């Protein structure tokens, strides 16, 4: 009697536990799981991997889509036309990028590093989820100019994509959600955490004197808006750039409808800043010295200019030199040269993805 | 003997714990479900909407509708006691140009209903959770790609008083966060008890009057406002107006 009861109790406990675990289990993507590695000392990522776990197949599909010109109306503008590996996934030497029918984009293409920690995208923060982000450039008439339905029809007709979607998501179904989730998987792998600065922080390297001095100046004069380890606090601020009369871009105000957000833009990360020139939301400043001179003297204090910039940021020529030395140490060549982010084999080569090659 | 009694009680408790959720689940699934078809009849004033006809709003402004779409979601029914019973995962896109897209069939364990509630628009959770499928797929043209969020309702028309190119009227209404939240909860009492039965099909016909977009809480004259394409005070005002466009037209029960 006693033994039977104990066994019954044990069995019931196991059943209870199993049903509890079963309730907690979430659907996973099929395929070969890929672990997301958070660099030492960094916070947990913001992207929810529970609904879109990384797999080898999902990442490969996302990479292919990222380089495929057919995501654009005329086939000429893959994501990679404005986001190039050697420019840390920004657009090399372009203040504004080129899109469909010889049109300019209205903003400078940002670097795509460390998106897993971001909760809002675009210079104005208008996009609230990484999965929804690609739909903006894909459908913008001056960028990729494509209709989502037409684009999905192109992918469905392709000889390869149906099987790639099956490998990544379990069936041949191709829809907007799967396409954007695959792109997210690829984008999430773009982690930049191996610059000289990171090596110094890990005790594997040491700064040369100008970098060391620059780091001290940086912590004193720049880090309030560009804190480590992301070198941005992801906030929206007016840093004293006047309204461009042609672009008429009021930034964050377009999203919130609040006049106190006029001319505020997202504080960009400074990781790989040396290779992501030109700078600012419209690429109006060409080099790092132009940026420092903007904060030192040229910026204009207006009604919504950030409280930290009311007196600008006075910088001596010496300080500027040391700061630039430090900023260069944020360049992560293991990121810019990572073969995982390069054009995958089998995707038709695009002129636009070659270093220094001008569009058209 | 006392120890055995305790053990039995523990066993009973654990059994309840183990089987509690599946038992509840099967209890929820086991009752007979009754089907209700809810159809939406789009109108202008008292007339059925016809895309070729010219109508007039309360200000005497003429217009011809070229597109009329809206989301109906989070449907619930009031039971005999007036208590709301939610129907999970209910998202529908009512599209004037899609003849199959104007009626919804849903199941409920309720046997008597006294009212219907729904959102015109999409709840905030679905607006912040990435890219969805089905009627919520962004390819349905009811999604802002530049400022993430669903277009809750869309009315496009042409009107001689519109100052926009081609005399167009474009009202894309959305926004899901304060202060620009266009999601409206609609509650429509049936006015009587509707007895449901598994052998019958119960039908609730709801009419939606486009003229309510222009007047009600605020006057929206086409001459003043020919477009609204982002969350904001105009979008709020139009949503507050159209929240009054629905009314129960008929209730029927057929074998």
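Residue numbers (our numbering), protein chains in the order written: chain A, 1 to 360; chain V, 1 to 255.
Yeah, the Cβ is synthetic: ideal placement off N, Cα and C, and Gly gets one too.
From a predicted model like this one, the values you see are computed outputs, not experimental measurements.
Between residue 187(V) and residue 115(V), the CB-CB gap stays under 9 Å. The three-state reading of DSSP puts residue 93(V) in strand, counting E and B together. Taking all protein chains shown into account, residue 310(A) has fewer than 16 neighbouring C-beta atoms within 10 Å of its C-beta and is therefore exposed.
Proximity of chain A to residue 232(V) at the Cβ level (cut-off 9 Å) is accounted for by 257, in chain order. By the neighbour-count criterion, in which 16 or more other beta carbons inside 10 Å mark a residue as buried, residue 51(V) falls on the exposed side. Boundaries of the alpha helix (DSSP H) around residue 187(A): 176-188. Listed along chain V, the residues sitting closer than 7 Å to residue 135(A) by beta-carbon distance are 138 and 145.
Of all alpha-carbon atoms in 121(A), 171(A) and 59(A), the one lying nearest the alpha-carbon of residue 32(A) is that of 59(A). The residue among 194(V), 113(V), 246(V) and 53(V) with its C-alpha nearest the C-alpha of residue 72(V) is 246(V). If the five residues before and after residue 313(A) are omitted, its C-beta is found closer than 7 Å to the C-beta atoms of 221, 295 and 296, all from its own chain and listed in chain order.
With contacts defined as CB atoms closer than 9 Å, residue 67(A) and residue 344(A) qualify as a contacting pair. Between residue 189(V) and the set 86(V), 113(V), 66(V) and 34(V), the nearest pair of CA atoms involves 113(V). Secondary structure of residue 112(V) (DSSP, three-state): strand. Rounded to the nearest whole angstrom, the CA to CA distance from residue 114(A) to residue 183(A) is 14 Å. Close to residue 180(V), with beta-carbon spacing below 8 Å, are these residues of chain A in chain order: 257.
The Cβ atoms of residue 82(A) and residue 71(A) lie no closer than 9 Å to each other. When Cβ-Cβ separations below 9 Å define contact, residue 191(V) makes no contact with chain A. Between the beta-carbon of residue 214(V) and that of residue 220(V) there is about 5 Å, and that keeps the pair under the 8 Å contact cut.
At a cut-off of 9 Å between C-beta atoms, residue 129(V) counts as an interface residue with respect to chain A. Within chain V, no C-beta atom comes nearer than 9 Å to that of residue 71(A); the closest sits roughly 14 Å away. By the Cβ neighbour-count rule, residue 165(V) is exposed, with fewer than 16 other Cβ atoms within 10 Å of its own. Within the DSSP bridge table, the entry for residue 236(A) names 266(A) as partners.
Counting C-beta pairs closer than 8 Å gives three or more between the stretch 245-257 of chain A and the stretch 112-127 of chain A, which meets the contact rule. Residue 252(V) and residue 195(V) do not touch by the CB rule: their CB atoms are close to 12 Å apart, not below 8 Å. Between residue 272(A) and residue 88(A), the gap from beta carbon to beta carbon is short of 9 Å. Between residue 152(A) and chain V, the shortest Cβ-Cβ separation is below 9 Å. The stretch 174-203 of chain V contains no complete alpha helix (DSSP H) run of 4 or more residues. Residue 143(A) holds the alpha-carbon nearest to the alpha-carbon of residue 74(A) among 323(A), 298(A), 143(A) and 275(A). Pairing residue 250(V) with residue 210(V) gives a Cβ-Cβ distance that is not under 9 Å. Within chain A, the residues placing a beta-carbon under 8 Å from that of residue 133(V) are 175, 176 and 177, ordered along the chain. Residue 217(V) and residue 241(V) have their C-alpha atoms roughly 6 Å apart. Residues of the stretch 30-44 of chain V with a Cβ closer than 8 Å to any Cβ of chain A: none.
In the same chain as residue 147(V), and ignoring 5 residues on each side of it, the C-beta atoms closer than 8 Å to its own belong to 230 and 231, in chain order. Separation of residue 121(V) and residue 96(V) (C-alpha to C-alpha, rounded to the nearest whole angstrom) is 16 Å. With respect to the C-alpha of residue 224(V), the residue from 44(V), 144(V) and 59(V) having the closest C-alpha is 59(V). For residue 41(V), the enclosing beta strand (DSSP E) starts and ends at 34-44.
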